[in-house]
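Protein chains: 2
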Amino acid sequence: MATKSLSGRTATIVDVAAEANVSKSTVSLVLKDSPLIKGETADRVKAAANKLGYVYNRKAGELRGNSSNAIGVVINDLMNPFFAEVLVGIERKLVDAGYVVLMAHTREDVGLQDKVLQSMREQNVAGFMLCPALNTSRALLKTIQSWGIPLTVFVRDLGPGNYDFAGSDSEHGVFLATTHLLNAGHQKVGFLGGQKGVVFTRRLDGYKKALKEKGIPFSEDLVFNANPSRVGGYEAMNAMLSAGQQIKAAVCYNDVAAFGALSALGEKGLRAGSDFALIGFDNILDTAHSNPPLSTIDIRPTDLGEQAASILLQRIREPDAKRLVYTATPTLLLRQTA
Amino acid sequence: MATKSLSGRTATIVDVAAEANVSKSTVSLVLKDSPLIKGETADRVKAAANKLGYVYNRKAGELRGNSSNAIGVVINDLMNPFFAEVLVGIERKLVDAGYVVLMAHTREDVGLQDKVLQSMREQNVAGFMLCPALNTSRALLKTIQSWGIPLTVFVRDLGPGNYDFAGSDSEHGVFLATTHLLNAGHQKVGFLGGQKGVVFTRRLDGYKKALKEKGIPFSEDLVFNANPSRVGGYEAMNAMLSAGQQIKAAVCYNDVAAFGALSALGEKGLRAGSDFALIGFDNILDTAHSNPPLSTIDIRPTDLGEQAASILLQRIREPDAKRLVYTATPTLLLRQTA
DNA sequence: CTGAAAGCGCTTACAG
DNA sequence: CTGAAAGCGCTTACAG
Chain V
132 MATKSLSGRT
142 ATIVDVAAEA
152 NVSKSTVSLV
162 LKDSPLIKGE
172 TADRVKAAAN
182 KLGYVYNRKA
192 GELRGNSSNA
202 IGVVINDLMN
212 PFFAEVLVGI
222 ERKLVDAGYV
232 VLMAHTREDV
242 GLQDKVLQSM
252 REQNVAGFML
262 CPALNTSRAL
272 LKTIQSWGIP
282 LTVFVRDLGP
292 GNYDFAGSDS
302 EHGVFLATTH
312 LLNAGHQKVG
322 FLGGQKGVVF
332 TRRLDGYKKA
342 LKEKGIPFSE
352 DLVFNANPSR
362 VGGYEAMNAM
372 LSAGQQIKAA
382 VCYNDVAAFG
392 ALSALGEKGL
402 RAGSDFALIG
412 FDNILDTAHS
422 NPPLSTIDIR
432 PTDLGEQAAS
442 ILLQRIREPD
452 AKRLVYTATP
462 TLLLRQTA
Chain Z
132 MATKSLSGRT
142 ATIVDVAAEA
152 NVSKSTVSLV
162 LKDSPLIKGE
172 TADRVKAAAN
182 KLGYVYNRKA
192 GELRGNSSNA
202 IGVVINDLMN
212 PFFAEVLVGI
222 ERKLVDAGYV
232 VLMAHTREDV
242 GLQDKVLQSM
252 REQNVAGFML
262 CPALNTSRAL
272 LKTIQSWGIP
282 LTVFVRDLGP
292 GNYDFAGSDS
302 EHGVFLATTH
312 LLNAGHQKVG
322 FLGGQKGVVF
332 TRRLDGYKKA
342 LKEKGIPFSE
352 DLVFNANPSR
362 VGGYEAMNAM
372 LSAGQQIKAA
382 VCYNDVAAFG
392 ALSALGEKGL
402 RAGSDFALIG
412 FDNILDTAHS
422 NPPLSTIDIR
432 PTDLGEQAAS
442 ILLQRIREPD
452 AKRLVYTATP
462 TLLLRQTA
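Protein chains in written order, with the working numbering: chain V, 132 to 469; chain Z, 132 to 469.
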């Protein structure tokens with residue numbers, strides 16, 4: 132029996148062809164459900180493949196056809212739930228479309244980022260989804276583009292230029308949050324957390340714009356920088372509280388910083404919502420059941436991931452389409468902290 | 132010039148060979164820094180490769196050599212920070228070892244899980260890292276083993292059997308937490324969150340064991356099942372509070388459920404630590420700055436991920452080594468909620 | 001120390 | 001409707 136002859140070796144289309152008494156071209160055609168092969172033959176081939184435990188060798192197929200079904204996704208801060216949620220959206224969309232995701236986590240290390248990008252290139256990915264590490268040089272854009280592999284940048288942009296991008300309207304989001312706090316009668320609204328990068332600048336711009344519209348001068352003294360993390364938010368809130376400025380309201384760089392702030396507030400016996408008004412940014416899942424539930428700017432993280440992936444898929448289909456962009460419209464979501 | 136002749140096409144070792152006036156075998160050898168080729172020749176080849184913008188085609192190399200540098204990692208609940216942290220550990224270890232990770236998220240969908248596993252198999256992965264979806268059949272183990280691809284299961288085991296595994300001592304962890312609460316003088320200690328699967332059973336066993344050691348009878352009435360999520364924890368705590376049982380202490384299935392519980396407590400004006408004693412499980416990053424900071428059972432999630440990856444790497448090196456297991460020793464980490 | 005040759009497992013025109 | 005043949009870009013004995 133043909134089965135015996137394999138002896139350990141994994142079956143190939145040649146084995147299947149022999150077992151089914153057809154040529155390997157026929158097997159190849161059957162595997163992709165080509166209408167060229169008549170039903171009876173196809174059935175025979177499938178039975179043979181089954182019998183031999185044949186597994187398609189995608190590597191060989193792709194080498195020959197010069198195709199690829201892998202997408203390289205690079206994320207920098209998976210410890211932040213926001214990015215985990217975005218990744219879930221990306222993965223879902225990509226897998227639904229028949230792709231497979233090559234994932235890399237670079238923890239803001241530009242050198243590592245270069246390395247994984249290069250590695251993904253060697254793997255011959257069909258496209259890149261990149262959320263650039265904090266100090267990424269704009270030159271990276273040209274480099275990747277010169278490789279001729281579709282790219283969509285997400286969340287953090289790389290400055291002006293002709294590249295596909297999916298993100299949110301940071302400026303408008305913070306504008307909404309700040310305006311809400313100002314309208315609620317707070318004279319001094321602080322800005323808490325975050326410190327560098329394009330996103331920070333945009334968010335601070337939204338804050339400034341809201342102040343300006345109310346005729347309130349911007350003051351650096353109300354801005355408390357910190358890592359966009361829980362610890363960062365915690366420290367920034369402590370700094371804010373001990374600055375002797377009587378600040379009673381703040382908009383946060385992101386939800387995770389807001390959580391840290393909530394912790395600092397609680398430690399001082401203060402309750403967000405009554406003693407201090409706080410608004411986050413992102414609307415990660417955790418915000419719905421934090422203590423207390425956080426008011427935030429909703430940019431639907433998972434949906435953002437799906438949209439970003441959709442852009443890449445469209446770019447792959449239409450390499451010459453003009454610039455593709457998705458900007459999540461932020462929405463003010465009031466819960467209990469403001 | 133050779134460069135011109137490529138015209139769009141991407142350079143191969145044949146092009147590099149022509150440019151450097153050597154054979155393609157020599158180029159191949161130079162690319163892997165073989166000592167067989169003398170320095171001068173190697174330099175010439177490298178210069179040529181550089182000049183042509185040559186990119187190694189790993190797919191072709193692996194096809195020929197029947198090797199693979201991709202590891203398939205399947206996660207089920209990336210929205211839970213615990214798994215995100217484990218994934219970070221896995222990814223770090225694997226990338227350090229020169230591998231690339233093919234990641235899939237199956238959101239507890241057994242059908243999807245089968246599909247992605249199959250897809251990864253076609254990609255010819257060098258190994259699998261699997262955290263099985265909740266209702267995974269034990270038969271999956273045999274299936275994957277029959278494929279002859281190294282596998283390490285992590286966090287959720289698949290029952291008794293001869294397979295590599297990395298997890299934590301759930302029973303002992305919950306035992307420590309329960310005992311601590313009991314020793315603190317709490318008569319009624321509740322068990323909050325979680326509801327099915329091997330991990331749940333183990334954790335509940337630890338709870339029972341602690342009670343037994345103190346001569347306290349186990350009562351189903353103190354167990355409040357719920358999804359191992361924030362909402363779940365929130366609802367379970369509400370049920371616990373309104374059960375009219377005067378429960379003042381509880382150990383939680385995991386940190387995320389504990390966060391939900393914290394939220395429910397806060398809503399009722401209760402402060403964990405003084406009004407209610409609460410202990411989580413996992414020690415995810417968020418616990419250090421929750422409101423208030425959560426006492427928990429530390430199993431070092433990222434480290435767990437690294438250990439799990441190490442096991443797979445070792446299995447790849449030594450296919451015939453005997454069963455490899457890592458069990459994180461849980462440690463009681465007291466912060467402010469207990 | 002380097003080259004010629006065979007082959008990894010597929011796909012894709014091209015015949016018939 | 002199916003088969004024979006060439007080739008995707010590498011690697012690896014084998015000569016020399």
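Ideal placement from N, C-alpha and C gives every residue a C-beta, glycine not left out.
- In the DSSP annotation of this structure, the continuous segment of the alpha helix (DSSP H) that includes V/Ala395 starts and ends at Asp386 to Glu398.
- Closer than 7 Å to the CB of Z/Glu253 there is at least one CB belonging to chain V.
- Within its own chain, the residues whose Cβ lies closer than 7 Å to the Cβ of Z/Asp434, once the five positions on either side in sequence are excluded, are Gly220, listed in chain order.
- Taking a C-beta distance under 7 Å as the contact criterion, V/Ala469 and V/Ala389 do not qualify as a contact pair.
- Across the structure, Z/Ala179 and Z/Lys163 are spaced so that their CA atoms are roughly 15 Å apart.
- Close to Z/Phe390, with beta-carbon spacing below 9 Å, are these residues of chain V in chain order: Asp417, His420, Ser421 and Asn422.
- In terms of beta-carbon proximity, V/Leu233 lines the interface with chain Z, with at least one pair separated by less than 7 Å.
- Annotation: V/Thr462 to V/Gly304 spans about 7 Å, alpha carbon to alpha carbon.
- Neighbours of V/Ser426 in chain Z, taken as residues at a C-beta separation under 8 Å, are lacking, since the least C-beta distance is about 14 Å.
- The distance from the Cβ of V/Asn356 to that of V/Gln376 is about 15 Å, inconsistent with a contact at the 8 Å cut-off.
- When secondary structure is reduced to three states using DSSP, V/Val362 falls in the helix class.
- By the neighbour-count definition (other C-beta atoms within 10 Å, threshold 16), Z/Gln318 is an exposed residue.
- Within the stretch 155-182 of chain V, contact with chain Z at the beta-carbon level (separation under 7 Å) is assigned to no residue.
- The distance from the Cβ of V/Met234 to that of Z/Met234 is about 4 Å, consistent with a contact at the 8 Å cut-off.
- Using a C-beta cut-off of 8 Å, the stretch 333-346 of chain V makes no contact with the stretch 144-161 of chain Z, since fewer than three inter-stretch Cβ pairs fall below that distance.
- Taken through DSSP and simplified to helix, strand or coil, Z/Phe331 comes out as helix.
- Of the residues V/Asp245, V/Gln254, V/Tyr187 and V/Glu253, the one whose Cα lies closest to the Cα of V/Leu272 is V/Asp245.
- Within 10 angstroms of the beta-carbon of Z/Thr274 lie fewer than 16 other beta-carbons, which makes it exposed.
- The criterion of a C-beta distance shorter than 7 Å is satisfied by V/Gly324 and V/Ala367.
- Cβ-Cβ distances below 7 Å link Z/Ala264 to Asn207, Thr237, Glu239, Asp240, Val241 and Gln244 in the same chain, with the five nearest sequence neighbours on each side left out; the list follows chain order.
- Between the stretch 444-463 of chain Z and the stretch 422-431 of chain Z, the count of C-beta pairs closer than 8 Å reaches three or more; the two stretches touch.
- When C-alpha distances from Z/Tyr365 are compared across V/Ile144, V/Ala403, V/Gly203 and V/Ala419, the shortest belongs to V/Ala419.
- The shortest CA-to-CA distance from V/Phe213 to any of V/Tyr457, V/Gln438 and V/Asp413 is the one to V/Asp413.
- Within chain Z, Leu209, Met210, Pro212 and Ala215 have C-beta atoms less than 8 Å from the C-beta of V/Ala215, given in sequence order.
- Distance from Z/Leu443 to Z/Ile202 at the Cβ level is roughly 7 Å; contact confirmed, criterion being Cβ atoms closer than 8 Å.
- Out of V/Leu289, V/Ala452, V/Val161 and V/Ser421, the CA that lies nearest to the CA of V/Thr267 is found in V/Leu289.
- In the three-state DSSP reduction, V/His236 falls in the strand class (E or B).
- When the alpha-carbon of Z/Gly298 is set against those of Z/Ala440, Z/Gln254, Z/Ile347 and Z/Arg140, the nearest one is in Z/Ala440.
- In the structure shown, V/Val161 adopts helical secondary structure according to DSSP, grouped into three states.
- Taking C-beta atoms as the reference points, Z/Phe296 and Z/Val286 fail to come closer than 7 Å.
- If you look at V/Thr310, you'll find it isn't in any beta strand (DSSP E); it sits in the alpha helix (DSSP H) that goes Ser301 to Asn314.
- With a threshold of 7 Å between beta carbons, V/Arg189 makes contact with chain Z.
- A direct Cα-Cα distance of roughly 7 Å separates V/Ile415 from V/Asp386.
- The Cβ atoms of Z/Asn422 and V/Asn422 sit closer than 7 Å to each other.
- Residue range Ala201 to Ile206 is occupied by the beta strand (DSSP E) that includes Z/Gly203.
- For Z/Val226, the enclosing alpha helix (DSSP H) covers residues Pro212 to Asp227.
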